[in-house]
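Number of protein chains: 2
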Amino acid sequence: MRGAPSEINGLYANTGNLLKAELFTPIKSTIYRWHQSRFRGKQAAMNDPFHVIGIVRSCYKEKFGIPRQSGQAPTATGTLEMLPPYNRPEAFTGLEGFSHLWLLFLFHGNRHREWKATVRPPRLGGNTRLGVFATRSPFRPNPIGLSAVTLQGIEASGGKVLLHLGGLDLLDGTPVIDIKPYLPYADSLPEARGGFAAEAPAGRVPVRFLPAAEQLCRQLEQQRYPGLRQLIIDTLGSDPRPAYYHKNPPKSGFGMQLLDFDLHWEQDETGIRVTALRHRPDDV
Amino acid sequence: MRGAPSEINGLYANTGNLLKAELFTPIKSTIYRWHQSRFRGKQAAMNDPFHVIGIVRSCYKEKFGIPRQSGQAPTATGTLEMLPPYNRPEAFTGLEGFSHLWLLFLFHGNRHREWKATVRPPRLGGNTRLGVFATRSPFRPNPIGLSAVTLQGIEASGGKVLLHLGGLDLLDGTPVIDIKPYLPYADSLPEARGGFAAEAPAGRVPVRFLPAAEQLCRQLEQQRYPGLRQLIIDTLGSDPRPAYYHKNPPKSGFGMQLLDFDLHWEQDETGIRVTALRHRPDDV
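So the sequences go chain by chain: U and X. Okay, so the first sequence: first residue is 7 according to this note's numbering, each after it adds one. Okay, so the second sequence: first residue is 7 according to this note's numbering, each after it adds one.
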């Protein structure tokens with residue numbers, strides 16, 4: 007018989023905080039016999055670290071303000087730069103035929119928070135607790151995220167492979183662990199029932215600009231940041247405020263880092279007013 | 007300045023086979039400055055092992071014969087049994103409102119094979135090489151799979167949480183590392199362009215039964231295996247033969263393990279003929 011009990015015990019001991027000693031008995035009795043030969047595979051898989059295959063450079067430089075799902079801000083673009091040894095151009099042959107990709111990535115911005123069994127999704131105003139597995143919350147047992155992004159181009163030259171992406175909901179610096187093609191015949195399930203998030207988030211919030219901010223934005227578009235105005239509208243229009251600000255907006259307004267700028271705005275029930283756009287120092 | 011070079015060097019040394027010493031220079035020069043403060047997050051994430059949160063019990067007991075994507079055999083059912091400490095019922099509150107789930111899982115059946123930059127997808131007859139990132143091949147830098155499955159029920163009692171699932175393309179014993187709700191508004195992209203796999207696999211292969219196999223199948227359905235016949239049709243109808251058997255079918259026919267049975271069939275250009283169904287010994 008493969009997978010004798012003593013070996014299984016050693017295996018559990020290796021898995022650190024996944025399984026605690028006092029939990030041996032129920033697991034053994036329920037799953038042990040079914041999977042005795044397969045635990046070896048688990049052990050091997052669990053001892054492997056995540057391999058980060060690339061890093062995303064995104065227009066979003068901080069968590070605040072990032073759309074809550076991919077595709078919500080189509081103009082949110084960025085690049086995925088592959089790390090060696092995953093930067094071999096032939097690893098992408100055929101990818102150009104796909105309009106969308108899945109990215110599996112690590113929520114690297116939340117590494118100091120433990121997972122919890124329940125979370126309060128912003129969609130429900132932050133007041134209702136749901137099970138973590140009923141949400142796409144980043145605070146999960148494995149901090150892995152899943153985003154469908156558009157593939158706008160593949161650039162391979164000089165030992166680099168860059169994927170140009172759109173519809174991002176990713177923080178700058180996000181480590182990517184897998185790229186998969188989006189297969190509409192298997193992945194697109196328009197008839198699926200979407201629970202508490204059945205519909206896309208409520209209509210977009212109207213976004214206006216103060217005259218000075220509008221003028222600067224137009225200038226910047228012509229200089230170096232084409233599409234900047236629409237990116238601001240797409241991003242703020244999805245109402246990134248945490249739920250607790252809905253009732254108590256801060257007197258000083260809101261701010262977020264977008265591309266090379268600090269973006270400032272005020273928000274009330276009539277909509278959003280962009281008040282300022284300031285270039286950040288280069289070394290930030 | 008955060009993330010001084012010496013610290014970054016130490017970080018690379020920690021990451022084992024992800025990054026080799028001779029690759030320090032190009033990475034540092036291209037990404038180092040952009041992400042100096044963020045590499046700390048990567049390090050933390052990479053030192054974490056995968057946490058297996060549950061194990062799938064599937065009708066598919068070996069790799070041969072498993073549909074190549076989820077949803078292709080709707081009657082392929084199974085359960086996901088959550089492991090402690092992820093078996094707390096409150097972690098699933100709200101999940102019952104969703105018809106479909108994403109499972110992120112480990113390809114535990116292929117742990118001895120290294121990833122390669124190119125693979126030969128069965129969809130293309132096994133003759134054409136594509137980049138691994140243009141395919142859903144299991145032989146990836148991180149052996150993580152992604153399947154959209156139907157949620158047929160949640161059973162929580164006696165310290166166990168079982169999710170009843172359908173449309174499986176998973177091997178029995180598959181370790182699951184995340185469960186996410188399928189969000190149609192973000193995940194369903196019927197307009198996506200699907201490259202070499204734009205369409206669902208070609209029409210299903212007709213499946214007939216030899217009289218003895220048919221009779222046994224009906225008997226088994228009444229005893230303990232409702233839906234067995236349709237499961238066989240759904241599974242074989244998606245033509246699981248590897249490409250190299252299309253031209254040179256084995257004289258002895260094909261066989262696969264399905265549920266508690268060894269299923270035997272013959273296949274030619276007119277379709278599939280189920281020749282036998284034999285109960286496997288209990289201790290397998």
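We treat Cβ as the ideally placed atom computed from N, Cα and C, and that holds for glycine.
Where does A204 of chain X land, buried or exposed, given buried means 16+ other C-beta within 10 angstroms?
-> Counted from its first residue, the second sequence places residue 204 of chain X at position 198. With fewer than 16 Cβ atoms within 10 Å of its Cβ, A204 of chain X is classed as exposed.
Are the C-beta of A192 of chain U and some C-beta of chain X separated by less than 7 Å?
-> Taking the first sequence and counting its residues from 1, the one referred to as residue 192 of chain U is at position 186. Yes, A192 of chain U lies at the interface with chain X (some Cβ there is under 7 Å from its Cβ).
Short Cβ contact (7 Å threshold) for H106 of chain U with Y231 of chain U | In the first sequence, residue 106 of chain U corresponds to position 100, counting from 1. In the first sequence, residue 231 of chain U corresponds to position 225, counting from 1. No, the Cβ-Cβ distance between H106 of chain U and Y231 of chain U is not below 7 Å.
Integer-rounded CB distance, given that R284 of chain U should sit under 8 Å from F267 of chain U = As a working note, residue 267 of chain U is residue 261 in the first sequence. As a working note, residue 284 of chain U is residue 278 in the first sequence. That belief holds up - the Cβ atoms of F267 of chain U and R284 of chain U are roughly 6 Å apart, short of 8 Å.
Give a yes or no on whether 7 Å exceeds the smallest Cβ distance from K34 of chain X to chain U.
-> In the second sequence, counting from the first residue as 1, residue 34 of chain X sits at position 28. For K34 of chain X, the predicted structure reports a pLDDT of 31, less than 50, and the residue's modelled location is therefore unreliable. The matter cannot be settled from this model.
Flag G259 of chain X as yes if its beta-carbon sits less than 7 Å from any beta-carbon of chain U, otherwise no.
-> In the second sequence, residue 259 of chain X corresponds to position 253, counting from 1. Chain U, which has no Cβ nearer than 7 Å to the Cβ of G259 of chain X, makes this no.
For the alpha helix (DSSP H) holding P217 of chain X, just list the boundary residues, first then last.
-> Here the question's residue 217 of chain X lines up with position 211 in the second sequence. Its alpha helix (DSSP H) spans residues 217 to 229.
Is there contact between the region 63 to 76 of chain X and the region 238 to 254 of chain X, where contact requires at least three CB pairs shorter than 8 Å?
-> The region 238 to 254 of chain X and the region 63 to 76 of chain X touch, with three or more beta-carbon pairs separated by less than 8 Å.
Any chain U beta carbon closer than 7 Å to I183 of chain X = In the second sequence, residue 183 of chain X corresponds to position 177, counting from 1. At a cut-off of 7 Å between beta-carbon atoms, I183 of chain X makes contact with chain U.
Identify, in the order they occur along the chain, each residue of the same chain with its Cβ nearer than 8 Å to the Cβ of R135 of chain X, setting aside the five sequence neighbours on each side.
-> Indexing the second sequence from 1 puts residue 135 of chain X at position 129. Closer than 8 Å at the Cβ level, and outside the excluded window around R135 of chain X, lie T124, V125, R126.
In angstroms with no decimal places, state the Cα-to-Cα distance between F113 of chain U and A198 of chain U.
-> Walking along the first sequence from the start, residue 113 of chain U turns up at place 107. Walking along the first sequence from the start, residue 198 of chain U turns up at place 192. In a straight line, the C-alpha of F113 of chain U is about 26 Å away from that of A198 of chain U.
Close beta carbons around R63 of chain U, own chain, < 7 Å, minus the five adjacent residues each side | For this step, residue 63 of chain U is matched to residue 57 along the first sequence. G84, T85, E87, D178.
Check whether the Cβ atoms of L226 of chain X and C65 of chain X sit closer than 7 Å, and answer yes or no.
-> Taking the first residue of the second sequence as 1, we reach residue 226 of chain X at position 220. Taking the first residue of the second sequence as 1, we reach residue 65 of chain X at position 59. Contact flag unset, no.
Please classify S35 of chain X: does DSSP put it in a helix, a strand, or coil?
-> If you number the second sequence from 1, residue 35 of chain X lands on position 29. Its pLDDT being 28, under 50, S35 of chain X is placed unreliably in this model, and the value from its coordinates should be taken loosely. If DSSP states are grouped into helix, strand and coil, S35 of chain X belongs with the helices.
Does R224 of chain X get closer than 7 Å to chain U when you measure Cβ to Cβ?
-> Here residue 224 of chain X corresponds to residue number 218 of the second sequence, with the count starting at 1. No, R224 of chain X lies away from the interface with chain U (no Cβ there is under 7 Å from its Cβ).
Using CA coordinates, which residue listed in X:S258, X:K253, X:R279, X:N93 is at the minimum distance from E307 of chain X?
-> Because chain X is modelled from 7 through 290, residue 307 of chain X falls outside the range shown and cannot be assessed.
Could you work out which residues of chain X lie near Y188 of chain U, taking near to mean beta carbons separated by less than 8 Å?
-> As a first step, residue 188 of chain U is located in the first sequence; it is residue number 182 there, counting from the start. Those are L195, A198, G200, listed as they occur along chain X.
In this structure, does DSSP put A203 of chain X in helix, strand or coil?
-> As a position in the second sequence, residue 203 of chain X is number 197, starting the count at 1. In this structure, A203 of chain X counts as helix in the three-state DSSP scheme.
Identify every residue that forms a DSSP beta bridge with S64 of chain X.
-> Translated into positions along the second sequence, residue 64 of chain X becomes position 58. The partner list for S64 of chain X (beta bridge, DSSP) reads X:G84.
Flag this pair as yes or no: are the beta carbons of P147 of chain X and I185 of chain U separated by less than 7 Å?
-> Taking the first residue of the second sequence as position 1, residue 147 of chain X is located at position 141. Taking the first residue of the first sequence as position 1, residue 185 of chain U is located at position 179. Cβ distance not < 7 Å, so P147 of chain X and I185 of chain U don't count as in contact.
Say whether chain U places a C-beta atom closer than 7 Å to the C-beta of H170 of chain X.
-> One-based indexing of the second sequence puts residue 170 of chain X at position 164. Output row for H170 of chain X: interface = no.
CB-CB length for G173 of chain U against S76 of chain U, believed under 8 Å = Along the first sequence, read from residue 1 onward, the residue named residue 173 of chain U stands at position 167. Along the first sequence, read from residue 1 onward, the residue named residue 76 of chain U stands at position 70. Right, their Cβ atoms sit about 5 Å apart.
Three-state class that DSSP yields for A79 of chain U in the structure shown | Here the question's residue 79 of chain U lines up with position 73 in the first sequence. The answer is coil: DSSP assigns A79 of chain U none of H, G, I, E or B.
Nearest-angstrom Cα separation, counted from F56 of chain X out to Q49 of chain U | As a position in the first sequence, residue 49 of chain U is number 43, starting the count at 1. As a position in the second sequence, residue 56 of chain X is number 50, starting the count at 1. Reliability fails at Q49 of chain U, whose pLDDT of 39 lies under 50, so the model's placement of it is uncertain and the value that follows must be treated cautiously. Looking at the two C-alpha atoms, the distance is approximately 10 Å.
For G151 of chain X, the first and last residue of its enclosing beta strand (DSSP E) = Here the question's residue 151 of chain X lines up with position 145 in the second sequence. First-last of the beta strand (DSSP E) with G151 of chain X: 150 to 163.
Alpha carbon to alpha carbon, what distance is there between K253 of chain U and L269 of chain U?
-> Position 263 of the first sequence, counted from the start, is the residue given in the question as residue 269 of chain U. Position 247 of the first sequence, counted from the start, is the residue given in the question as residue 253 of chain U. Spanning the two alpha carbons is a distance of roughly 22 Å.
Compute the Euclidean distance between the alpha carbons of D274 of chain U and P255 of chain U, then round it to the nearest angstrom.
-> One-based indexing of the first sequence puts residue 274 of chain U at position 268. One-based indexing of the first sequence puts residue 255 of chain U at position 249. Whole-angstrom Cα-Cα distance: 8 Å.
How is the alpha helix (DSSP H) around T241 of chain X delimited, first residue to last?
-> Residue mapping note: residue 241 of chain X aligns to position 235 of the second sequence, counting from 1. Where T241 of chain X is concerned, the enclosing alpha helix (DSSP H) stretches over 234 to 243.
Since S244 of chain X meets chain B, which of its residues come closer than 9 Å, beta carbon to beta carbon?
-> Although the question refers to chain B, the structure presented lacks it and instead comprises the protein chains U and X.
With a 10 Å radius around its C-beta and 16 neighbouring C-beta atoms as the bar for buried, classify R286 of chain U as buried or exposed.
-> Here residue 286 of chain U is taken as the residue at index 280 of the first sequence, counted from 1. R286 of chain U should be labelled exposed.
According to the Cβ coordinates, are C223 of chain U and L237 of chain U closer than 7 Å?
-> Against the first sequence, residue 223 of chain U aligns to sequence position 217. Against the first sequence, residue 237 of chain U aligns to sequence position 231. Not in contact: C223 of chain U and L237 of chain U (Cβ atoms no closer than 7 Å).
Length-filtered (3 minimum) beta strand (DSSP E) runs lying within the region 83 to 145 of chain U = 84 to 88, 106 to 112
Own chain residues within Cβ distance below 6 Å of V211 of chain U, not counting five before or after = To locate residue 211 of chain U, count along the first sequence from 1; it is residue 205. Apart from sequence neighbours up to five positions away, the residues of its chain that approach V211 of chain U with a beta-carbon distance below 6 Å are G243, D245, G277, I278, ordered along the chain.
Can the beta-carbon of I150 of chain U be found less than 7 Å from the beta-carbon of L110 of chain U?
-> Here residue 150 of chain U is taken as the residue at index 144 of the first sequence, counted from 1. Here residue 110 of chain U is taken as the residue at index 104 of the first sequence, counted from 1. Closer than 7 Å, so yes.
Pairwise C-alpha distance: V155 of chain X and G103 of chain X | Looking up residue 103 of chain X in the second sequence gives position 97. Looking up residue 155 of chain X in the second sequence gives position 149. One C-alpha to the other measures close to 14 Å.
Nearest-angstrom Cα separation, counted from R214 of chain X out to S153 of chain X | Counting from one through the second sequence, the residue named residue 153 of chain X turns up at place 147. Counting from one through the second sequence, the residue named residue 214 of chain X turns up at place 208. Going by the C-alpha atoms only, they are around 29 Å apart.
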